[in-house]
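Below you'll find the structure, written out as structure tokens, and then a few comments.
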Amino acid sequence: MKIKSLMDVPSALFYPLKEWTEKSITNFNIFVGIGMAFMIFSMVLYYIYASKIGKSDERTSKIHLKSAYFMLMTIIICDLAFPRDYLVNQFFMIKYSLAIFVSGVYLSLQYRKDFK
């Protein structure tokens, strides 16, 4: 794949992944399965630490807002990095699972800092 402008860089970076998933249906199913497993893991991580931090009050509302901020920044960065030409739904799933994972990691670090 030729890079003609700066907008072609994300497509060129993920082009080998596109070729790999198009080789066989098994490769595509592996890619989707890993994405779904990562999504479930991220949601469980976020739910565990969001429930451990507790209900909304003055302290926890700031934590949850900062967690949402990290989630938003991850989504914006992934929008810039992932290509829009191919595997759109799969990258959509990975984008949001990565955002939930980053938010869950922030909550876990904040929980360790506050309660230990």
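Per the numbering used here, the sequence shown starts with residue 7, numbered consecutively.
Yeah, the Cβ is synthetic: ideal placement off N, Cα and C, and Gly gets one too.
Cβ separation of residue i and residue j, assumed to be a contact under 8 Å, to the nearest whole Å
i: G41; j: I81; result: G41 to I81, Cβ: 16 Å. No contact.
i: K24; j: L93; result: 6 Å
Start-to-end residues for the alpha helix (DSSP H) that takes in residue i
i: S103; result: 94 to 121
i: F76; result: 64 to 87
i: S48; result: 31 to 59
Buried versus exposed, by CB contacts within 10 Å (16 or more), residue i
i: F107; result: buried
i: L78; result: exposed
CA nearest to the CA of residue i, picked from the options
i: F76; options: N95, P16, V50, Q116; result: Q116
i: L19; options: K61, K68, A87; result: A87
i: R118; options: D91, S48, I59, I36; result: I59
i: P22; options: T66, L104, P89; result: P89
Stretch pair the stretch 108 to 116 + the stretch 48 to 58: three plus CB contacts closer than 8 Å:
Touching, yes, given that three or more Cβ pairs across the two stretches are closer than 8 Å.
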